[in-house]
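Down below is the structure, laid out as structure tokens.
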């Protein structure tokens, strides 16, 4: 059924369809609407789950860790500082191979404190072992959460999945979303969680034991393999979803008007909408330009990205995060993927934009394209700075 | 030597640690901690009153025995030789002796 | 209370088995053994990072014959909350005990927030704090439960210091302030009292807090055979009052049967040996005696 839904409503509704048994979260803007909607569903009996109102994000992640180890489906959501506070637990959930799904309502990291959107928070967890999927719009946010459980709970994967949705830009914005009418269909797509090892009094195992130097390396190797191998499972989850629900927004990546393109803009998340509008206009004016959407940031789809970009002249990467002391994150990884495959014909330029909720306007993108096509190997240059402000004395 | 032993144990139990480091219940029994000790208790069975305190107090849980027959003993594969049983025995019926290595 | 342990085979069937790598004479392993005898096999346990976790689950070995999980240092109570929630929603809670364990640092310092949250939310969880008065697993650093004037590696005694210059945090009182159904303090020196208190928790729904005094051989610096003796002296001197409280009100105390001066307790332990060197040390011992006297007065231990 088509409905006009706020992003948070779409997400909470899709979570309701997956029937998690334990939900635990601590409020933080801009995640709050998601967990408010879920609390209401539990309060109304529309969702039969334990909603544990914890005293911190650290405990929220810990509660879902404990519940997940009992073999039940779990959910949490957070943003920014909350995600950083959870970080220790997320590493732990990944290392313990538990299929927790969490939403990150992407928000800038303090200081200065900012409640507005960028992707610095989820980027900080890129090495944690959690799968990171990034939604472009509310429809994709809705679909992606259902796919997230399918991926996380695959016996070959068994890893936490972070679904990244841009704070405010998606979480607080109303869009038309086509929802699934029958929960039975979701149950068919997403069968009940069935874990090999759980905390069970009839079959007791010890979880989270000490990994001495003689075993630690191998456990991390297993973990590394699991997340690398999850690529095919992410693709399957997207294809199966398409078959069952008729919706497809890409799997690891998605391409838009790239067939004969010379220049491609690479980005993740909601900014893709604005980029596509600009590209549409430029295409009408005869410019050979397209868009590459990164849908799975971890595992990093290096092969797929290289395949998509190898015949392109200019790749312009728009990044809503920065590796301080280094530069671009996504652009650096794309350049590395190309280098590793000895492809040096693609000029990759990475620009840091829109941090802390600064609007990325169509004009910004036009200006960026003109500038970027004249430049080479830009590594995370800040774009869209207000120079007047930089030189101002307060 | 210890490392090799551990590898053998790993192989024998065919531990599937594909899904993280999960251990089987009670598997610590394969670790014979008797090698820790420098002293060893001797239960003399002379004045024993059958109070069970040696069972209660043993940190390892290696002491066993029967209240009725007043015969207590310990598993020397695991006893770490702390000497608590001898110290706490109310009738001094347990004595510690140095282990010659 | 004690299950029959008649043969060697019986000792091997304990829920917390031998074969762990705890120190010789470890009072914590003694307490865990006693506690598990009472709780029985329908228990799911969590452990915070610390001695117990490290010495009982050196992969691929585990001393636990019950489902057990370790996650992090500060989240034992939160993990237990999640387990309890999962058991409740799946209808498996009845007849299953959720046990959450941590040391004094994992309880009163880094884990206090998660513990307070668990209390306040009213989870049906038994929380046990094994109090050995310092961060023993990392090498005897000071915690919030380190007693006054104790030497630790981060509160060392020195030319101008007598060691830890702050009194021990009143953690059981913090638990009681949450008005939880049951709070108790026990000691590895009194196993029957300890087991009685653990048994009592089995009949109480809601959050329960049990703090157990567990002397530490290398941290307190004494001969392994004195673990029980020292634990008993802590109680008999008044330095470690054992009591029970329900909904924030004390309901019973373990009376001191044979009162001893604190000196008897202190002199057996290397962590207090700097107090026996000079006159100034004597004055410090008097201060510790005053702490014991105040405890005796406050809890009515005589």
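Residue numbers (my numbering), protein chains in the order written: chain A, 5 to 398; chain B, 29 to 129; chain C, 736 to 1037.
Note that CB positions come from ideal geometry on N, CA and C, so glycine has one too.
Same chain only: Cβ atoms within 8 Å of residue i, ignoring 5 sequence neighbours per side
i: residue 992(C); result: 971
i: residue 337(A); result: 304 and 306
i: residue 106(B); result: 60, 61, 62, 88 and 90
Buried/exposed call for residue i, threshold 16 Cβ in 10 Å
i: residue 54(A); result: buried
i: residue 792(C); result: buried
i: residue 264(A); result: exposed
i: residue 8(A); result: exposed
i: residue 195(A); result: exposed
i: residue 5(A); result: exposed
i: residue 37(A); result: buried
i: residue 103(B); result: buried
i: residue 44(A); result: exposed
i: residue 779(C); result: buried
i: residue 40(B); result: Unreliable placement is indicated for residue 40(B), whose pLDDT of 40 sits below 50; the coordinate value is still reported in the next sentence. Residue 40(B) is exposed by the Cβ-count criterion.
i: residue 844(C); result: buried
i: residue 107(A); result: buried
Within chain C, the residues that residue i reaches when beta carbons sit closer than 9 Å
i: residue 77(B); result: Ordered by position in chain C, no residue passes the 9 Å Cβ test against residue 77(B), which lies about 16 Å from the chain.
i: residue 23(A); result: Result: empty, since nearest Cβ-Cβ is about 11 Å, beyond 9 Å.
Residue i: contacting residues in chain B (beta-carbon distance under 8 Å)
i: residue 971(C); result: The contacting residues do not exist; residue 971(C) stays about 15 Å from chain B at best.
i: residue 215(A); result: 49
i: residue 208(A); result: 53
Where residue i meets chain C, residues with beta-carbon distance less than 7 Å
i: residue 108(B); result: 759
i: residue 130(B); result: Residue numbering for chain B in the displayed model covers 29 to 129; residue 130(B) lies beyond these limits and cannot be assessed.
i: residue 360(A); result: In chain order: nothing, as chain C lies at least about 29 Å away.
i: residue 120(B); result: Those do not exist, as residue 120(B) stays about 13 Å from chain C at its closest Cβ, beyond 7 Å.
Chain-order list of residues whose beta-carbon lies under 6 Å from that of residue i (same chain, five-residue window excluded)
i: residue 28(A); result: 56, 58, 64, 67, 68 and 80
i: residue 33(B); result: Confidence at residue 33(B) is low in this model, with a pLDDT of 46, below 50, so the placement of that residue should be treated as unreliable; the coordinate-derived value is given next. Excluding residues within five positions, none has a Cβ falling inside 6 Å.
i: residue 122(B); result: 69, 71, 113 and 114
i: residue 1030(C); result: 973 and 976
i: residue 1040(C); result: Limits of chain C in this structure are 736 at one end and 1037 at the other, which puts residue 1040(C) out of reach.
i: residue 739(C); result: none
i: residue 3(A); result: Look at the range of chain A in this structure, 5 to 398, and you will see that residue 3(A) is not part of it.
i: residue 95(A); result: 132
i: residue 335(A); result: 321, 352 and 354
Interface residues of chain B facing residue i [CB-CB closer than 9 Å]
i: residue 765(C); result: 84, 85, 86, 87, 88, 89 and 112
i: residue 211(A); result: 48, 49, 50 and 51
Residues bridged to residue i [DSSP beta-bridge criterion]
i: residue 101(B); result: 92(B)
i: residue 838(C); result: 865(C)
i: residue 166(A); result: 106(A) and 136(A)
i: residue 53(B); result: DSSP output for residue 53(B) lists no bridge partner at all.
i: residue 870(C); result: 876(C)
i: residue 893(C); result: 896(C)
i: residue 126(B); result: 67(B)
i: residue 903(C); result: In DSSP, residue 903(C) forms no bridge with anything.
i: residue 259(A); result: 296(A)
i: residue 917(C); result: 943(C)
i: residue 29(A); result: 57(A)
Close Cβ partners of residue i (< 7 Å) along its chain, the five nearest in sequence each way excluded
i: residue 773(C); result: 736, 930, 933 and 934
i: residue 38(B); result: Residue placement at residue 38(B) is poorly supported in this model, since its pLDDT is 44, which falls under 50; the coordinates are not used for a value here.
i: residue 966(C); result: 762, 922, 923, 924, 948 and 950
i: residue 181(A); result: 7, 9, 14, 142, 143 and 146
Contact set between residue i and chain A, taken where Cβ atoms lie within less than 8 Å
i: residue 919(C); result: Under the 8 Å cutoff, chain A gives no residues; its nearest Cβ is about 24 Å from residue 919(C).
i: residue 831(C); result: 205
Closer than 7 Å at the beta carbon, the chain A residues around residue i
i: residue 776(C); result: 205
i: residue 814(C); result: 66, 69 and 70
Partners in chain C for residue i, counting only beta-carbon separations shorter than 8 Å
i: residue 58(B); result: 754 and 796
i: residue 39(A); result: Within 8 Å Cβ-Cβ: nothing; residue 39(A) doesn't reach chain C, min ~15 Å.
i: residue 92(B); result: 740, 741, 742, 743, 745 and 746
i: residue 53(A); result: 824
Closer than 9 Å at the beta carbon, the chain A residues around residue i
i: residue 805(C); result: 210, 211, 212, 213 and 214
Within chain B, the residues that residue i reaches when beta carbons sit closer than 7 Å
i: residue 219(A); result: 49
Secondary structure, beta strand (DSSP E): runs of 3+ residues fully inside the region 338–362 of chain A = Fully enclosed beta strand (DSSP E) runs of no fewer than 3 residues occupy 351–356 of the region 338–362 of chain A, in order along the chain.
request  = Counting only runs of 3+ residues fully inside the region 285–340 of chain A, write out the beta strand (DSSP E) ranges in chain order.
outcome  = 293–298, 300–302 and 318–323
query = In chain order, which continuous runs of the alpha helix (DSSP H) of length 4 or greater are located wholly inside the region 793–852 of chain C?
reply = 811–824
task = Kindly provide the ranges of any beta strand (DSSP E) runs that are 3 or more residues long and lie completely inside the region 52–107 of chain A, ordered along the chain.
result = 54–57 and 78–82
request  = Go through the region 927–991 of chain C residue by residue and report every complete run of the alpha helix (DSSP H) that reaches 4 residues or more, in order.
outcome  = 952–955 and 962–972
query = Considering only residues of the region 995–1025 of chain C, which uninterrupted beta strand (DSSP E) runs meet the minimum length of 3 residues and lie entirely inside it, listed in chain order?
reply = none
request  = List in chain order: all unbroken alpha helix (DSSP H) runs of 4+ residues lying wholly within the region 151–206 of chain A.
outcome  = Along the region 151–206 of chain A, the alpha helix (DSSP H) occurs as fully enclosed runs of 4 or more residues at 187–193, listed in sequence order.
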